[in-house]
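Asks:
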Amino acid sequence: MAKPMDQITWQELEIGAVVVEIGNARQYETGSWRSERPIVDKKQCIRCGVCWLFCPDMSIVRASEGHFEANLTYCKGCGICAKECPVGCIKMVSEEE
Amino acid sequence: MGKVRKGIEVSIAIADAVKQADVDVIAAYPITPQTHIVEHLAEIVAEGELDAEFIPVDSEHSAMSVCCGSAAVGARTFTSTSSQGLALMSEIFFIAAAMRLPMVMALANRSLSGPLSIWNDHTDVMMVRDAGWIHIFTENGQEAYDNTFCAFRISEDPKVMLPVAVNLDGFILTHMIEPIEYEDDELINQYLPKFEMKNALHPDKPVSMGCFAMPEIYTEAQMNREQGVVNSYPRILKAWEEWGNLTGRHYKPIETYRADDAEYCIVTMGSYGETASEVVDTLREQGEKVGLVKIRLWRPFPFEEFRKAVLGKKHLIVIDRAISFGGPGGPVALELRSALYKKKGAPAIVNYIAGLAGRDVSRKDFTNIILEGKKKAASRDTDGFTLYGLRG
Amino acid sequence: MDRFSVFSARLVETAENFTSGHRACQGCAEALAVRHVVKALGRDTIIAMATGCMEIISSPLPLTSWKLPWIHNAFENPAAVISGCERGMKAMMRKGKLPQKKINFVAMGGDGATADIGMGSLSGALERGHDMLYVCYDNEAYMNTGIQRSSSTPFGASTTTSPAGKKSMGQNTQKKNMPKIAVAHNIPYVATACSSFPFDLMEKIKRAVETPGPAYVHVMSVCPTGWRIQPADAIKYGRLVVDSCVFPLYEVINGNYKLSYEPKQIITVKEYLSGQGRFRHLTDKEIEQIQEAVTRDYQKLVKMSEEV
Chain W
4 MAKPMDQITW QELEIGAVVV EIGNARQYET GSWRSERPIV DKKQCIRCGV
54 CWLFCPDMSI VRASEGHFEA NLTYCKGCGI CAKECPVGCI KMVSEEE
Chain L
796 MGKVRKGIEV SIAIADAVKQ ADVDVIAAYP ITPQTHIVEH LAEIVAEGEL
846 DAEFIPVDSE HSAMSVCCGS AAVGARTFTS TSSQGLALMS EIFFIAAAMR
896 LPMVMALANR SLSGPLSIWN DHTDVMMVRD AGWIHIFTEN GQEAYDNTFC
946 AFRISEDPKV MLPVAVNLDG FILTHMIEPI EYEDDELINQ YLPKFEMKNA
996 LHPDKPVSMG CFAMPEIYTE AQMNREQGVV NSYPRILKAW EEWGNLTGRH
1046 YKPIETYRAD DAEYCIVTMG SYGETASEVV DTLREQGEKV GLVKIRLWRP
1096 FPFEEFRKAV LGKKHLIVID RAISFGGPGG PVALELRSAL YKKKGAPAIV
1146 NYIAGLAGRD VSRKDFTNII LEGKKKAASR DTDGFTLYGL RG
Chain S
585 MDRFSVFSAR LVETAENFTS GHRACQGCAE ALAVRHVVKA LGRDTIIAMA
635 TGCMEIISSP LPLTSWKLPW IHNAFENPAA VISGCERGMK AMMRKGKLPQ
685 KKINFVAMGG DGATADIGMG SLSGALERGH DMLYVCYDNE AYMNTGIQRS
735 SSTPFGASTT TSPAGKKSMG QNTQKKNMPK IAVAHNIPYV ATACSSFPFD
785 LMEKIKRAVE TPGPAYVHVM SVCPTGWRIQ PADAIKYGRL VVDSCVFPLY
835 EVINGNYKLS YEPKQIITVK EYLSGQGRFR HLTDKEIEQI QEAVTRDYQK
885 LVKMSEEV
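Those protein sequences? They're chains W, L and S, same order as listed.
Each residue of the first sequence is one higher than the last, beginning at 4 in this note's numbering.
Each residue of the second sequence is one higher than the last, beginning at 796 in this note's numbering.
Each residue of the third sequence is one higher than the last, beginning at 585 in this note's numbering.
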């Protein structure tokens, strides 16, 4: 778990400022960027995986019931999943609602 | 020790040192006066005498980039350049040090354009003074050969992890045939441990190198680098001490000649030291209480050693091989003035800039510089600099 | 269909080598391309990346989105850096300093890094014949620094340094043909791809790294921010750029051209250009000019593909 950028001391940096904790960008929760979120109609979802395939943020996940849904920690609300869904079962809904 | 000294061109000796060091990757672009080093390396790789990848790159910028890639995977890496080549690769030169990538460069000091000049001075190395590399200056072929090994040892030391430049004067050293004693491969293997790099790029242990820094963290990254350079100092001394124990040839950050009882000293860096020492002998016979101070380690600068050598002297005559236009004069004099600022017993400094672009500085010239410099010091005419031998 | 090993989203490798938390714009098809590429490459890969959008969004100290060994050194040199990694590893493995292992050496850069400032180092790396792959992510401008033109910006596009105005139609030079330049280096594998056709892209990446010697893959990367389109339309525009033949998908294997995809219905260039803010100033005449050039170039490509 990396400390926040503005708290790291010079001694704590790895030699050459190399980052050894791979994939730790997950600490940064891009979900706060959203102004709308994708809502999936579970019953209409045909589990094709196209939304998962086209998400630039890897933030579509397989729910336990088998359908796909957004990982709201990272979802930026770009709307690609809603646009690309072959059966149109994803709707973009404003965050305010 | 019964070893054979052979007369050999210094460039060839350096290439042979690289061979003995069992380098893995050599990436270089030809530029006068470094060409003989890389040509000989290409030859020994082609003949199978050295098992290494010789990469003839498309530019010096690519040369340093290839070296960064090679060092990043933990391969023992060597390159060589001069002047314009150093200028072109300077972007990556700084980055190599920032990323703490160990590698050795034979820097054949040559004048920077313009006007174009292939001959020797220190304008090229002074351009990259602040890059964070370790710089060793050599005075003759033996030193260049020896310090190539010391450079690998220092660079790859886990407590150092910094690129090292072995500076040698272009043509004056690179193209000179000098008597050089080669060491046995067994001694070299004893001296140079296997290069084990902590966070080398490898799929078994992935890391990210070269992440960018926001203002919130950049200062800390730079302090980490500064400490790295400063902390390399004891390791450099250790590497030289061990070389001295094995070969009988000892190197120090500041070396002096007849300076202990001298009233005043001349200060040189690079091949000028040899000629200067002969002039010191002659002037001593004439009653001048003059000595010689030679700077071998330029970065990290050996402040304590330097002060120990010169505090209490009346004045120093500093011979620079580069000029900072519109500035305070030669870069070496500038550093020394700074090192002595407000120190008790600090000598006055008279700055001469001599031998730009390989113009010969003979024993007579040294004599003139020393005696003129003495007069200037006596009349307190120590500001600025004198461009020695200027017509007009 | 038979040339794909995977053609269903459900059959694609689920492991991600590029993680969420990266700071790419919403709807960035270049980040999506990176995701697909590193999925296809697998764990035994070393990546050298140029300064640019993808480097910045993925590596703000002390965080990294990369799960593969990754190095960013400078802007114009990923090809040279990966050359050094490749030869360094080769030497060490040959000399027994490291155990033998097949590793993919991949350099990545944007269109600016590849076609402009990095041309020299790319050309050198391709000429030297390193066993490496160079992936160019082409979003058709210097997007990271604010949408300035590059030599890969298409004719007629408005960028901040080739803005459309009373005295200018925007970019008035033709897009540099980087795949053609790569082919001219006589390398064994060159391909074009787009993240809107992910199976094709991933297949080409796999083929590129399996080919010994240098490979070059040019990936059209739709940039909603720079192209002035809706983020949700990123994948749609990737299809339009291919279906209009503005950016055809093909491979060049040992100098032989092979079309990967022939659109069932070729759409007009106008349909592709309209809807993109960067082209909205174009006159009908200029659009016609573009259509003629695109049709002509596509026909040439089809002809070259038919030659055996």
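Even for Gly, the Cβ is constructed at its ideal location relative to N, Cα and C.
From a predicted model like this one, the values you see are computed outputs, not experimental measurements.
#1: Cβ closer than 7 Å: which chain W residues qualify as neighbours of E1015 (chain L)?
#2: Go ahead and label D586 (chain S) buried or exposed: buried means 16 or more other beta carbons lie within 10 angstroms of its beta carbon, across all protein chains shown.
#3: Counting only the same chain and skipping the five closest in sequence on each side, list residues whose C-beta sits under 6 Å from that of V1062 (chain L).
#4: Quick check: what's the CA-CA separation for Q33 (chain W) versus C637 (chain S)?
#5: What residues are listed by DSSP as bridge partners for T1181 (chain L)?
#6: Would you kindly work out how many angstroms separate the C-alpha atoms of N728 (chain S) and S742 (chain S), rounded to a whole number?
#7: Assign E39 (chain W) to one of three DSSP states: helix, strand, or coil.
#8: Run through DSSP, which three-state label would M1009 (chain L) get?
#9: For G936 (chain L), which residues in the same chain have their Cβ closer than 6 Å to its Cβ, ignoring the five residues on either side in sequence?
#10: Considering only the beta carbon of each residue, do M716 (chain S) and A675 (chain S) sit closer than 8 Å?
#11: Rounded to whole angstroms, what's the CA-CA distance from E1015 (chain L) to K1000 (chain L)? Just pull it up for me.
#12: Please list, in chain order, all residues of the same chain as Y882 (chain S) whose beta carbon is under 7 Å from its beta carbon, the five residues on each side excluded.
#13: I need the boundaries of the alpha helix (DSSP H) containing K887 (chain S), first residue and last residue.
#14: In three-state terms, what does DSSP make of G668 (chain S)?
#15: Kindly indicate if chain L contains any beta-carbon less than 8 Å away from that of C669 (chain S).
#16: Should D868 (chain S) go down as buried or exposed, given a rule of 16 or more other Cβ atoms within 10 Å for buried?
#17: Can you check whether the C-beta of N770 (chain S) is within less than 8 Å of a C-beta belonging to chain L?
#18: For the alpha helix (DSSP H) that T943 (chain L) lies in, which residues bound it at each end?
#19: With DSSP as the reference, label C54 (chain W) as helix, strand or coil.
#20: Which of the three DSSP states, helix, strand or coil, is assigned to E99 (chain W)?
#21: Would you please verify whether the beta carbon of M4 (chain W) is less than 8 Å from any beta carbon of chain L?
#22: Does E1011 (chain L) have its Cβ less than 8 Å from a Cβ in chain W?
#23: Please determine, among S:I851, S:G839, S:P815 and S:P796, the residue with the shortest C-alpha to C-alpha distance to R823 (chain S).
#24: Can you tell me which of the three DSSP states E842 (chain L) falls into?
#25: Once DSSP output is grouped into helix, strand and coil, what is the label at C862 (chain L)?
#26: What residues in the region 21-37 of chain W bring their beta carbon closer than 9 Å to a beta carbon of chain S?
#27: Count the other CB atoms, across all protein chains shown, that sit within 10 Å of the CB of E724 (chain S); report buried if there are 16 or more and exposed otherwise.
#28: Alpha carbons only, please: which of L:V799, L:F889 and L:K1109 is nearest the one belonging to S1174 (chain L)?
#29: Is the Cβ-Cβ distance between A894 (chain S) and A709 (chain S) less than 8 Å?
#30: Near Y845 (chain S), which residues of its chain fall below 6 Å by C-beta distance, leaving aside the five closest residues on each side in sequence?
#31: In angstroms with no decimal places, state the Cα-to-Cα distance between D20 (chain W) and P89 (chain W).
#32: Please report how far the alpha carbon of A822 (chain L) lies from the alpha carbon of G864 (chain L), in whole angstroms.
#33: G810 (chain S) touches chain W at which residues, Cβ-Cβ below 8 Å?
#34: L1111 (chain L) lies in the alpha helix (DSSP H); which residues open and close that run?
#35: How would you list, in chain order, the residues of chain W whose beta-carbon sits under 8 Å from the beta-carbon of R594 (chain S)?
#36: Please report the distance separating the alpha-carbon of E87 (chain W) from that of I887 (chain L).
Replies: From the atom records:
#1: Counting from 1 along the second sequence, the entry for residue 1015 (chain L) is found at position 220. Chain W residues near E1015 (chain L): I11, T12, W13 and L16.
#2: For the purposes of this step, residue 586 (chain S) is taken as residue 2 along the third sequence, with counting starting at 1. Any reading at D586 (chain S) needs caution, since the residue's pLDDT is 49, under 50, leaving its predicted position unreliable; the model's value is listed next. Classification for D586 (chain S): exposed.
#3: Mapped onto the second sequence, residue 1062 (chain L) falls at position 267. V1088, L1111 and V1113.
#4: Position 30 of the first sequence, counted from the first residue, corresponds to residue 33 (chain W). Position 53 of the third sequence, counted from the first residue, corresponds to residue 637 (chain S). The sequence shown places Thr at residue 33 (chain W), rather than the Gln named in the question. Cα-Cα distance, rounded: 17 Å.
#5: Position 386 of the second sequence, counted from the first residue, corresponds to residue 1181 (chain L). According to DSSP, T1181 (chain L) shares a beta bridge with L:Y1147.
#6: Residue mapping note: residue 728 (chain S) aligns to position 144 of the third sequence, counting from 1. Residue mapping note: residue 742 (chain S) aligns to position 158 of the third sequence, counting from 1. So the two alpha carbons sit approximately 16 Å from each other.
#7: The residue given as residue 39 (chain W) occupies position 36 in the first sequence. E39 (chain W) falls in the strand class under three-state DSSP.
#8: Translated into the one-based positions of the second sequence, residue 1009 (chain L) becomes position 214. In the displayed model, M1009 (chain L) falls within coil according to three-state DSSP, outside both helix and strand.
#9: Within the second sequence, numbered from 1, the residue matching residue 936 (chain L) stands at position 141. Only V805, A808, E973 and I975 meet the Cβ criterion.
#10: Reading the third sequence from its first residue, position 132 is the one you call residue 716 (chain S). Reading the third sequence from its first residue, position 91 is the one you call residue 675 (chain S). Going by C-beta atoms, M716 (chain S) is not nearer than 8 Å to A675 (chain S).
#11: In the second sequence, counting from the first residue as 1, residue 1015 (chain L) sits at position 220. In the second sequence, counting from the first residue as 1, residue 1000 (chain L) sits at position 205. E1015 (chain L) and K1000 (chain L) have their C-alpha atoms roughly 25 Å apart.
#12: As a first step, residue 882 (chain S) must be located in the third sequence, where it is residue number 298. Closer than 7 Å at Cβ, skipping near neighbours: C829 and P832.
#13: As a position in the third sequence, residue 887 (chain S) is number 303, starting the count at 1. Per DSSP, K887 (chain S) belongs to the alpha helix (DSSP H) from D868 to E890.
#14: Residue mapping note: residue 668 (chain S) aligns to position 84 of the third sequence, counting from 1. G668 (chain S) sits in a helix when the DSSP states are folded into three classes.
#15: Taking the first residue of the third sequence as position 1, residue 669 (chain S) is located at position 85. With its beta carbon less than 8 Å from one in chain L, C669 (chain S) belongs to the interface.
#16: Within the third sequence, residue 868 (chain S) is the residue found at index 284, counting from 1. For D868 (chain S), the number of other beta carbons within 10 angstroms of its own is below 16, and it is reported as exposed.
#17: Working through the third sequence from its first residue, we reach residue 770 (chain S) at position 186. Taking 8 Å as the threshold, the shortest C-beta distance from N770 (chain S) to chain L does not fall below it.
#18: Along the second sequence, read from residue 1 onward, the residue named residue 943 (chain L) stands at position 148. Where T943 (chain L) is concerned, the enclosing alpha helix (DSSP H) stretches over G936 to E951.
#19: In the first sequence, residue 54 (chain W) corresponds to position 51, counting from 1. Three-state result, C54 (chain W): helix.
#20: As a position in the first sequence, residue 99 (chain W) is number 96, starting the count at 1. It is coil, neither helix nor strand.
#21: Residue mapping note: residue 4 (chain W) aligns to position 1 of the first sequence, counting from 1. Output row for M4 (chain W): interface = no.
#22: Your numbering for residue 1011 (chain L) matches position 216 in the second sequence. Answer yes: the Cβ-Cβ gap between E1011 (chain L) and chain W drops below 8 Å somewhere.
#23: Locating residue 823 (chain S) in the third sequence gives position 239, counting from the first residue. Of the candidates S:I851, S:G839, S:P815 and S:P796, the one whose C-alpha sits nearest the C-alpha of R823 (chain S) is S:I851.
#24: For the purposes of this step, residue 842 (chain L) is taken as residue 47 along the second sequence, with counting starting at 1. DSSP places E842 (chain L) in coil when its eight states are reduced to three.
#25: On the second sequence, position 67 is the one that residue 862 (chain L) refers to. If DSSP states are grouped into helix, strand and coil, C862 (chain L) belongs with the helices.
#26: So the close ones are V22, E24, I25, G26, N27, A28, R29, Q30, Y31, E32, T33, W36 and R37.
#27: Looking up residue 724 (chain S) in the third sequence gives position 140. Burial call: buried.
#28: Reading the second sequence from its first residue, position 379 is the one you call residue 1174 (chain L). Residue L:K1109 is the option with its Cα nearest to S1174 (chain L).
#29: Residue 894 (chain S) lies beyond the range of chain S shown here (585 to 892); nothing can be said about it.
#30: For the purposes of this step, residue 845 (chain S) is identified with residue 261 of the third sequence, where counting begins at 1. Closer than 6 Å at Cβ, skipping near neighbours: L833.
#31: Counted from its first residue, the first sequence places residue 20 (chain W) at position 17. Counted from its first residue, the first sequence places residue 89 (chain W) at position 86. It should be noted that the sequence gives Ala, not Asp, for residue 20 (chain W). The alpha-carbon atoms of A20 (chain W) and P89 (chain W) are separated by roughly 45 Å.
#32: Taking the second sequence and counting its residues from 1, one reaches residue 822 (chain L) at position 27. Taking the second sequence and counting its residues from 1, one reaches residue 864 (chain L) at position 69. A822 (chain L) and G864 (chain L) have their C-alpha atoms roughly 11 Å apart.
#33: Here residue 810 (chain S) corresponds to residue number 226 of the third sequence, with the count starting at 1. Within chain W, no residue comes near G810 (chain S); the closest Cβ sits about 15 Å away, beyond 8 Å.
#34: In the second sequence, residue 1111 (chain L) corresponds to position 316, counting from 1. No alpha helix (DSSP H) contains L1111 (chain L), which is instead part of the beta strand (DSSP E) from H1110 to D1115.
#35: In the third sequence, counting from the first residue as 1, residue 594 (chain S) sits at position 10. Listed along chain W are R50, C51 and G52, each with a C-beta nearer than 8 Å to that of R594 (chain S).
#36: As a first step, residue 87 (chain W) must be located in the first sequence, where it is residue number 84. As a first step, residue 887 (chain L) must be located in the second sequence, where it is residue number 92. If you take the alpha carbons of E87 (chain W) and I887 (chain L), they lie about 43 Å apart.
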